[in-house]
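Peer 1: Going letter by letter, the sequence shown gives residues 318 to 440 in this note's numbering.
For every residue, glycine included, the Cβ atom is placed at its ideal position computed from N, Cα and C.
Every value quoted in this text rests on a predicted model; they were computed, and no experiment measured them.
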Amino acid sequence: MKNVDNMIEDVLDEIMSKMVRMKKARMMKVKGKQIARKRKIAMKRKANPEKLKKRAAKKARDIVTKKLLKNKSKSDLSISGKENLEKRLAKKKAVIAKIAKRILPKVRSAENERLAKKREKDN
318 MKNVDNMIED
328 VLDEIMSKMV
338 RMKKARMMKV
348 KGKQIARKRK
358 IAMKRKANPE
368 KLKKRAAKKA
378 RDIVTKKLLK
388 NKSKSDLSIS
398 GKENLEKRLA
408 KKKAVIAKIA
418 KRILPKVRSA
428 ENERLAKKRE
438 KDN
C-alpha cells in the first residue's frame with residue numbers, strides 16, 4: 318500500500334500529461350475505496366508534523382491556484398489547461414513554500430480543534 322500512497326503524494330510535485338492523468342484515474346477507481354477506508358481510520362488519530370506540513374503545502378497550493386485562475390474553477394479547465402496550470406504552479410514553488418510555512422500554525426490549530434470536536438462528540 319505504501320506504493321499507492323507514494324504515488325498519491327507525488328501528484329503534488331509532478332506535471333501530469335493526459336496519459337498519466339488517465340492512468341491515475343484508473344488506479345484511483347481500483348484503490349479508491351481502500352484509500353478512503355485508510356483515510357477514515359487515520360482521521361481518528363492526531364496527524365504527525367510531516368502530515369501537517371503536507372496539508373499546509375496543499376492549502377498553500379490551493380491559494381496560489383485560486384489566484385492564478387481568478388474566478389474560474391479548476392474542474393472547468395481542459396486537460397491542456399490543467400497541464401499549463403501545473404507548469405505555472407511549478408514555477409511558484411518558492412511562493413507556495415513560503416505561504417505553507419505561514420499557514421502551518423493555522424493548520425495545526427485546525428487539527429487540534431478537529432480532534433477536540435471529535436472527542437467531545439464521542440463523549
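What are the start and end residues of each continuous beta strand (DSSP E) run of 3 or more residues lying completely inside the stretch 339–399, in chain order?
Peer 2: none
Peer 1: According to DSSP, is Lys418 helix, strand or coil?
Peer 2: helix
Peer 1: Using the Cα positions of Val347 and Lys355, report the straight-line distance between them to the nearest angstrom.
Peer 2: 14 Å
Peer 1: If you run the structure through DSSP and keep just helix, strand and coil, what is Lys409?
Peer 2: coil
Peer 1: What separation, rounded to the nearest whole angstrom, lies between the Cα atoms of Ile413 and Asn440?
Peer 2: 39 Å
Peer 1: I think Leu432 touches Ala373, with their Cβ atoms under 8 Å apart; what is that distance to the nearest whole Å?
Peer 2: No, Leu432 and Ala373 are not in contact; Cβ-Cβ is about 17 Å, not under 8 Å.
Peer 1: Which of helix, strand or coil does DSSP assign to Ser334?
Peer 2: coil
Peer 1: Which term fits Val337, buried or exposed, when burial requires 16 or more other beta carbons within 10 angstroms of its beta carbon?
Peer 2: Exposed, by the Cβ-count rule.
Peer 1: Thinking Leu385 and Glu428 are a contact (beta carbons under 8 Å), I'd like their distance in whole angstroms, please.
Peer 2: The Cβ separation is near 27 Å, so there is no contact.
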